[in-house]
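Notes follow once the structure below has been shown.
There are 2 protein chains.
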Amino acid sequence: MNVPGYEGRLDLGELRRQVDAALEQFLGVKAQQARSDRLPTVPLEVVRDFVFAGGKRVRPLMCVLGWYAACGQGDVSRVITAAASLELFHAFALIHDDLMDHSETRRGRPSVHLSLAAGHRDSDFGESAAILLGDLALAWSLEMYNGAGLEPGQLLAGLSVMDAMRTAVVYGQYMDLDVTPHLTDDVDRALAVICYKTAKYTVEHPLHLGAALAGAGPEVRSVLSAYALPLGEAFQLRDDLLGVFGDPTATGKPALDDLREGKRTVLLALAVRHSDASQLATLRALVGNRYLDEEGAESLREVLAATGARARTEQLIQDQRDAALRALNGAPLAPPALGAMRAVAHALTECAR
Amino acid sequence: MNVPGYEGRLDLGELRRQVDAALEQFLGVKAQQARSDRLPTVPLEVVRDFVFAGGKRVRPLMCVLGWYAACGQGDVSRVITAAASLELFHAFALIHDDLMDHSETRRGRPSVHLSLAAGHRDSDFGESAAILLGDLALAWSLEMYNGAGLEPGQLLAGLSVMDAMRTAVVYGQYMDLDVTPHLTDDVDRALAVICYKTAKYTVEHPLHLGAALAGAGPEVRSVLSAYALPLGEAFQLRDDLLGVFGDPTATGKPALDDLREGKRTVLLALAVRHSDASQLATLRALVGNRYLDEEGAESLREVLAATGARARTEQLIQDQRDAALRALNGAPLAPPALGAMRAVAHALTECAR
Numbered sequence: 001m002n003v004p005g006y007e008g009r010l011d012l013g014e015l016r017r018q019v020d021a022a023l024e025q026f027l028g029v030k031a032q033q034a035r036s037d038r039l040p041t042v043p044l045e046v047v048r049d050f051v052f053a054g055g056k057r058v059r060p061l062m063c064v065l066g067w068y069a070a071c072g073q074g075d076v077s078r079v080i081t082a083a084a085s086l087e088l089f090h091a092f093a094l095i096h097d098d099l100m101d102h103s104e105t106r107r108g109r110p111s112v113h114l115s116l117a118a119g120h121r122d123s124d125f126g127e128s129a130a131i132l133l134g135d136l137a138l139a140w141s142l143e144m145y146n147g148a149g150l151e152p153g154q155l156l157a158g159l160s161v162m163d164a165m166r167t168a169v170v171y172g173q174y175m176d177l178d179v180t181p182h183l184t185d186d187v188d189r190a191l192a193v194i195c196y197k198t199a200k201y202t203v204e205h206p207l208h209l210g211a212a213l214a215g216a217g218p219e220v221r222s223v224l225s226a227y228a229l230p231l232g233e234a235f236q237l238r239d240d241l242l243g244v245f246g247d248p249t250a251t252g253k254p255a256l257d258d259l260r261e262g263k264r265t266v267l268l269a270l271a272v273r274h275s276d277a278s279q280l281a282t283l284r285a286l287v288g289n290r291y292l293d294e295e296g297a298e299s300l301r302e303v304l305a306a307t308g309a310r311a312r313t314e315q316l317i318q319d320q321r322d323a324a325l326r327a328l329n330g331a332p333l334a335p336p337a338l339g340a341m342r343a344v345a346h347a348l349t350e351c352a353r
Numbered sequence: 001m002n003v004p005g006y007e008g009r010l011d012l013g014e015l016r017r018q019v020d021a022a023l024e025q026f027l028g029v030k031a032q033q034a035r036s037d038r039l040p041t042v043p044l045e046v047v048r049d050f051v052f053a054g055g056k057r058v059r060p061l062m063c064v065l066g067w068y069a070a071c072g073q074g075d076v077s078r079v080i081t082a083a084a085s086l087e088l089f090h091a092f093a094l095i096h097d098d099l100m101d102h103s104e105t106r107r108g109r110p111s112v113h114l115s116l117a118a119g120h121r122d123s124d125f126g127e128s129a130a131i132l133l134g135d136l137a138l139a140w141s142l143e144m145y146n147g148a149g150l151e152p153g154q155l156l157a158g159l160s161v162m163d164a165m166r167t168a169v170v171y172g173q174y175m176d177l178d179v180t181p182h183l184t185d186d187v188d189r190a191l192a193v194i195c196y197k198t199a200k201y202t203v204e205h206p207l208h209l210g211a212a213l214a215g216a217g218p219e220v221r222s223v224l225s226a227y228a229l230p231l232g233e234a235f236q237l238r239d240d241l242l243g244v245f246g247d248p249t250a251t252g253k254p255a256l257d258d259l260r261e262g263k264r265t266v267l268l269a270l271a272v273r274h275s276d277a278s279q280l281a282t283l284r285a286l287v288g289n290r291y292l293d294e295e296g297a298e299s300l301r302e303v304l305a306a307t308g309a310r311a312r313t314e315q316l317i318q319d320q321r322d323a324a325l326r327a328l329n330g331a332p333l334a335p336p337a338l339g340a341m342r343a344v345a346h347a348l349t350e351c352a353r
């Protein structure tokens, strides 16, 4: 067991550094290959810059925690490499997502399609290249996982988890995209999108992947799901609140993006449900308005607060985090992992993430 | 051996039907899953319609031929399922490609981003959904391969071939996209793009995948490459000629697309190289012009013929096809597969494909 402190509790900061080291190592090899095959260097640079511009490595950490929780034995460094491959998968998802949402920034920097567009005469180049470089990040996530040095049985057990993960996240994104043009109070649909797009993808599948690599059976997976699904929901609800009320210097993306885009959050569905006619008119006029300015955003924030949508969302976050924590009580999981999973449940759902 | 005629020669039509049956089977299961999980039905329908609207199943056939060529033993039906997964990968590549190229039709029907855009109020929906449904086709290609029922050793051997395939095709597409704004006579660069985008992706990697599933070593792979790379080049050169001179009702895409898009083909580089000043002016004015009409296209075709670019490309096709066929002489591959590989070399490079 070569993770410092595993005997007592897991050191999440150290795990994060090991995940980053695995990514550096893999991308270093890809850079060498591109040079020796005389391939263009921009794709590698863009993917590497994107991966190291930020990110909390939530999915790789969840994967490693799943392995520890399921009492994984053997060489953790290979598990960490496999877990780190999820960060390249996430780069794929975010690069395509920013393109679909026309987001201008990500992690405090220009989004990939905009940075690629700069300095290129063809106005379509940025968007087309962002599609391809998202695809490349996905291709490399697969290659990194396949080449992590796992035992064949481990590797195969993980593949089926990731097959489910990929389908879930794409369906979640599709449901997020395919919304009716008018605002609705359909909280259940917004929760279903969260379930696929975040709860399964960000928490449940990574934990299951780690557990699969540890050889765990359906019982352990079911305990992990009881923690993962409410926590993932709370995580996304917090993200939605931060997208509207958060400090852009902390979140790395402008506080207007979600509102301009008209993202159909639970927060918004709750506001519609509890609006009077005048509040509803404000929501209809400003949500999804691409020219929304800070003044308009402030009006929306007032409606979100006055309708109680903000407070209700805070309450949901607390309820779901508590449900996640309760699922760990007496759970048949390794104690050091349990401590880390409790800490992560707080970290992912607090205001100052 | 359950392929009719294997004792004598392989029946390519029958193989193609088995590939389609495997795709039907897989997508039928996905449809059931979507229904039972109450997921939207459009993604499945779009992917299925795209896959069955046409396509010659070149990559799956190459994969199965690679398996036979390398004297594969055991259950071919699992190999056919694994091979068929390449068709879903190809759907992913084409859906994203059509979006990047703004192609309006594919296989004689509206391209995916346009068919999705129809009937949706949000003007961006078609493009965003096409990104996602391309991603979904890729996710399903992986799931189909992983679930083909291969032996663990077979499955793992195939993964490393597909890792290489995915990186190659994305780099090829990127190089195809990242061209200088002015026309050049750089035939070598155009050939390098073909190598990654077509020769490796369409012929070499599928053959290697089949050979890997048969347990073949580097010697067999190297013989297969000696056939695959020149044949893949000839295949793309034929495609480039058909894109300009072909009958749209046979190719399924308008004869103006490649010219309007300004695709940097070997054909075009040869024309630039052998143009006089007036011919060069015609090329510069019309290639890549989005408003090119049939009259302009006819002027371009005249320049491509008069400069000898068309005849030189025909000669290259013949030379490369001959090189591919020569590589099979005395090759240590199973004779029935050799016969089929010769037939395929002709079929892929003839005018009336």
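Just so you know, the protein sequences line up as chains V and D, in that order.
Quick note: the first sequence uses UniProt numbering, first residue 1, plus one each step.
Quick note: the second sequence uses UniProt numbering, first residue 1, plus one each step.
Note that the Cβ used here is the ideal one computed from N, Cα and C, for glycine as well.
| task | Would you kindly work out how many angstroms separate the C-alpha atoms of A157(D) and V79(V), rounded to a whole number? | result | 20 Å
| query | When the distance is taken between beta carbons, is P206(V) closer than 8 Å to C63(V)? | reply | yes
| message | Taking 8 Å as the threshold (C-beta atoms), are V303(V) and L283(V) in contact? | response | yes
| said: DSSP three-state label for P335(V), please. | reply: helix
| message | One question on the structure: do L259(V) and L300(V) come within less than 8 Å of each other, judged by their Cβ atoms? | response | yes
| query | With distances taken between CB atoms, is the gap from Y196(D) to A168(D) smaller than 8 Å? | reply | yes
| message | For the alpha helix (DSSP H) containing E204(D), name the first residue and the last one. | response | No alpha helix (DSSP H) contains E204(D), which DSSP labels as neither H nor E.
| G296(V) versus G288(V): straight-line alpha-carbon distance, rounded | 11 Å
| said: Report the CB separation of H90(V) from R59(V) in whole angstroms; it is logged as a contact under 8 Å. | reply: 6 Å
| query | With distances taken from CA atoms, which of A311(V), L229(V), R290(V) and P230(V) is nearest L268(V)? | reply | A311(V)
| task | Answer yes if the region 217-224 of chain D comes into contact with the region 307-322 of chain D, meaning at least three C-beta pairs across the two stretches below 8 Å, and no otherwise. | result | no
| query | For P110(D), which beta-bridge partners are listed by DSSP? | reply | T105(D)
| message | Is it buried or exposed, P335(D), if we count other Cβ atoms within 10 angstroms and call 16 or more buried? | response | exposed
| query | Are the C-beta atoms of M341(D) and some chain V residue less than 8 Å apart? | reply | no
| request: Note down the Cα distance separating L142(D) from A53(V), rounded to an integer number of angstroms. | output: 29 Å
| query | Considering only residues of the same chain and omitting the five flanking positions on each side of R16(V), which have a CB-CB separation below 7 Å? | reply | R57 and L61
| task | On a CA-only basis, which of Q18(V), T41(V), D322(V) and V193(V) is nearest D87(V)? Give me that one, please. | result | One point to set straight first is that residue 87(V) is Glu, not Asp, in the sequence displayed. The shortest C-alpha separation from E87(V) is found at Q18(V).
| request: Ignoring anything shorter than 4 residues or poking outside the region 140-194 of chain V, list the alpha helix (DSSP H) runs there in chain order. | output: 152-177 and 187-194
| request: Could you tell me if P230(D) is buried or exposed, where buried requires 16 or more neighbouring beta carbons within 10 angstroms of its beta carbon? | output: buried
| request: Give the residues from the region 137-148 of chain D that approach chain V closer than 8 Å (Cβ to any Cβ), ordered along the chain. | output: L138, A139, W140, L142, E143, N146 and G147
| Inter-residue CB distance, R264(V) and V179(V) (contact presumed, cutoff 8 Å) | 5 Å
| query | Nearest chain V C-beta to Y291(D) closer than 8 Å, yes or no? | reply | no
| request: Spell out whether any CB of chain V is found under 8 Å from the CB atom of A212(D). | output: no
| task | Give the range of the alpha helix (DSSP H) segment to which P222(V) is assigned. | result | Sequence check: residue 222(V) is Ser here, not Pro. Note, S222(V): alpha helix (DSSP H), P218 to F245.
| Element boundaries [alpha helix (DSSP H), containing Y68(V)] | V58 to A69
| query | Taking the alpha carbon of L348(V) as the point to measure from, which residue in E233(V), A192(V), A277(V) and A255(V) has its own alpha carbon closest? | reply | E233(V)
| request: Keeping to the same chain, check which residues put their C-beta closer than 6 Å to that of L10(D); ignore five residues upstream and five downstream. | output: P336 and A340
| Considering only C-alpha positions, which residue in the set D37(D), G55(D), A31(D) and G262(D) is nearest to E45(D)? | A31(D)
| query | What does a CB cutoff of less than 8 Å around E350(D) pick up in its chain, not counting 5 residues either side in sequence? | reply | R238
| said: Please state whether the Cβ-Cβ distance between T307(V) and A271(V) is less than 8 Å. | reply: yes
| task | Residues of the region 36-48 of chain D with a CB closer than 7 Å to any CB of chain V: list them in chain order, please. | result | L39, P40 and P43
| said: So R121(V) contacts chain D; which residues on that side make the cut at Cβ distance below 7 Å? | reply: P181
| task | Write down the C-beta distance between H113(V) and I131(D) rounded to the nearest angstrom, noting that I regard them as a contact closer than 8 Å. | result | Contact flag wrong, Cβ pair sits at about 11 Å.
| Hey, how far is the Cα of L286(V) from the Cα of D293(V)? | 9 Å
| query | Can you list, in chain order, the residues of its chain whose CB lies under 6 Å from that of S85(D), leaving out five sequence neighbours each side? | reply | S141, M144 and Y145
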